[in-house]
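In mature numbering (1 follows the signal peptide of the UniProt record, and there is no 0), the protein residues as written are -27 to -1, 1 to 470.
Heads up, the beta-carbon is just placed ideally off N, CA and C, and yes, glycines get one too.
Everything on this sheet refers to the single structure shown next.
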């Protein structure tokens, strides 16, 4: 592809997200209400608008920002996972009367791995944000300033976000074990990019880019104190958490290196420092975190923008007056992982094998907005346990510490594959209805999902096995048409109804 770009003037009420664009356009920054960015304060103001949209996505943003994880993404990743008993739910509570939340075609697209709209939105939105971040990073390197600490805070926030967006794009669109197929990467804007080819980088090249940004942020944090009233990602716990995530996922990928689990353990340990007393140990505390009612919790809460947006999957917000879906069933093997003493049991289930109306929102009636919490310290503990398992460390002790938060027994006496499976079981239990996590676990570890479903009087039998094409999302048609240096992930053929 030839990545074309007009000469641009960086602006304050700036680009972004009034109209979607492909990777081919993400460096082309259209102006709105132009005011040239000329100072560090100008850049800080532009970035603050973006950060405000992430931390407060209920607010109406002048540049049309949306949460990093949208409700459409939450629905898709749950539909592509194995926790809900889809075969049973379609008959019992999805394709039934009094369901105002989703219609048959959307259920078909979600549960037959035929959702092309959400991957398109993710690809375009994420690359568009990367375009903004690239422009601001370039401007940071050109602007004059007097306050080095403030410059560090802004630059640290920028590069951490850029690394995170590239990491998510790699997780979503790259075939996991194919070292050659990463994603397009470019880190600059301006005249120097005219005519630049934008093929996929190798996975190793993409990881080097991601880690370079995160390591740069880590270096800045050694001499700079983040400002909680401003910085969202540029905080020691969160940068270390992302580094742990990156090395954990990289460790079994096509770009894996022998040191990955050692690094995952290192950064996960740093991401758990000082958080033990902040982790909820009761069902009420667990619900409070998901309802954003625990101000001391160290994760980053992001509220979905639309009431009932995920209700078509997790259950109607109006179940109490007879609307469906209601009594959503989970898969028996998932339910069997829990004991009644586990604090997650009462949070997740209102009857054996039946999803509670309050989850995943934590409220009595469940708003189903698609709320999520990033950088949960519980995840850092589980990454640490797994990394220690692979590096002959005290995985049992770490897993027991995590289990104590959930009143989930102990891992005493477990070793080898049984211990690893127990860690993976805890991940599955802990991250139910949590953005992309179960789908990414299936992508990393494998597993088989089989569905026998009927839509529009036609029956579909689909089995998704380890390393199936469904674990690398389809690249948008717009991108393929504009970018002759990239090809579609294999296997994707849209079903027409």
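Please report the distance separating the alpha-carbon of residue i from that of residue j.
| i | j | result |
| --- | --- | --- |
| residue -10 | residue 391 | The pLDDT assigned to residue -10 is 39, lower than 50, so where the model puts this residue is not dependable; a value taken from the coordinates is nonetheless given after this. Between residue -10 and residue 391, the C-alpha separation is close to 50 Å. |
| residue 22 | residue 41 | 14 Å |
| residue 131 | residue 13 | 13 Å |
| residue 243 | residue 236 | 11 Å |
| residue 33 | residue 277 | Confidence at residue 33 is low in this model, with a pLDDT of 43, below 50, so its placement is unreliable and the value that follows should be read with caution. Cα to Cα, the separation comes out at about 13 Å. |
| residue 450 | residue 375 | 43 Å |
| residue 438 | residue 422 | 7 Å |
| residue 171 | residue 425 | 40 Å |
| residue 35 | residue 386 | Unreliable positioning characterises residue 35 in this predicted model, as indicated by a pLDDT of 38, which lies under 50. The coordinate reading is nonetheless provided below. Using only the alpha carbons, I get a separation of about 57 Å. |
| residue 189 | residue 295 | 54 Å |
| residue 51 | residue 410 | 9 Å |
| residue 453 | residue 460 | 6 Å |
| residue 293 | residue 15 | 50 Å |
| residue 363 | residue 314 | 29 Å |
| residue 279 | residue 45 | 11 Å |
| residue 365 | residue 389 | 10 Å |
| residue 283 | residue 47 | 7 Å |
| residue 352 | residue 430 | 42 Å |
| residue 381 | residue 270 | 21 Å |
| residue 54 | residue 407 | 11 Å |
| residue 480 | residue 186 | The first residue shown for the chain is -27 and the last is 470, placing residue 480 beyond what the model contains. |
| residue 153 | residue 463 | 14 Å |
| residue -14 | residue 63 | Because residue -14 sits at a pLDDT of 44, beneath the cut-off of 50, its placement in the model cannot be relied upon, and the point is left open. |
| residue 442 | residue 246 | 38 Å |
| residue 25 | residue 347 | 16 Å |
| residue 200 | residue 378 | 29 Å |
| residue 197 | residue 118 | 16 Å |
| residue 160 | residue 107 | 6 Å |
| residue 19 | residue 176 | 31 Å |
| residue 109 | residue 125 | 13 Å |
| residue 68 | residue 302 | 14 Å |
| residue 115 | residue 141 | 28 Å |
| residue 402 | residue 97 | 32 Å |
| residue 252 | residue 268 | 12 Å |
| residue 311 | residue 383 | 13 Å |
Once you ignore the five residues that flank residue i on each side, which residues in its own chain have a CB closer than 8 Å to its CB?
| i | result |
| --- | --- |
| residue 240 | 213, 214, 216, 217 and 220 |
| residue 413 | 144 and 222 |
| residue 174 | 155, 156, 157, 158 and 182 |
| residue 371 | 354, 357, 358 and 361 |
| residue 404 | 352, 410, 411 and 414 |
So if DSSP puts residue i in a beta bridge, which residue, or which two residues, is it bridged to?
| i | result |
| --- | --- |
| residue 424 | 435 |
| residue 486 | In the structure displayed, the chain extends from -27 to 470; residue 486 sits before or after that span and is not available. |
| residue 57 | 303 |
| residue 347 | 273 |
| residue 72 | 297 |
Please identify the residue among the options whose C-alpha is closest to the C-alpha of residue i.
| i | options | result |
| --- | --- | --- |
| residue 99 | 468, 470, 448 and 208 | 448 |
| residue 87 | 25, 446 and 406 | 446 |
| residue 470 | 442, 462, 436 and 427 | 427 |
| residue 49 | 69, 24, 75 and 70 | 75 |
| residue 434 | 25, 60 and 19 | 60 |
| residue 137 | 196, 254, 115 and 207 | 207 |
| residue 93 | 192, 146 and 303 | 146 |
| residue 84 | 250, 69, 95 and 58 | 58 |
| residue 43 | 275, 238, 129 and 73 | 275 |
| residue 227 | 303, 150, 373 and 318 | 150 |
| residue 71 | 420, 368 and 297 | 297 |
| residue 203 | 304, 123 and 310 | 123 |
If I measure Cβ to Cβ from residue i and keep anything under 6 Å in the same chain, skipping five residues before and after, which residues do I get?
| i | result |
| --- | --- |
| residue 17 | 127 |
| residue -27 | Note on residue -27: pLDDT 35, under 50, position unreliable in the model; no value is reported. |
| residue 194 | 209 |
| residue 307 | 56 |
| residue 233 | 220, 223 and 224 |
| residue 345 | 42, 275 and 408 |
| residue 417 | 225 |
| residue 254 | 378 |
| residue 129 | 190, 193 and 207 |
Given residue i, which residues of its chain have a CB within under 7 Å of its CB, disregarding the five upstream and five downstream residues?
| i | result |
| --- | --- |
| residue 179 | 139, 143, 155, 156 and 158 |
| residue 89 | 447 and 467 |
| residue 299 | 66, 288, 289 and 292 |
| residue 229 | 223 |
| residue 28 | 205 |
| residue 191 | 212 |
| residue 91 | 45, 46 and 49 |
| residue 257 | none |
**Asked** Is the stretch 73 to 90 touching the stretch 133 to 140 in the sense that three or more CB pairs, one from each, lie closer than 8 Å?
**Response** With fewer than three CB-CB distances shorter than 8 Å, the stretch 133 to 140 does not count as touching the stretch 73 to 90.
**Prompt:** Per the contact definition of three or more C-beta pairs closer than 8 Å, is the stretch 394 to 413 in contact with the stretch 351 to 368?
**Reply:** yes
**Request:** Inspect the CB distances between the stretch 327 to 336 and the stretch 259 to 278 and report whether three or more fall short of 8 Å.
**Result:** yes
**Prompt:** Are at least three pairs of beta-carbons, each pair with one atom in the stretch 100 to 108 and one in the stretch 321 to 332, less than 8 Å apart?
**Reply:** no
**Asked** Using 8 Å as the Cβ pair cut-off and three pairs as the minimum, do the stretch 277 to 293 and the stretch 339 to 348 touch?
**Response** yes
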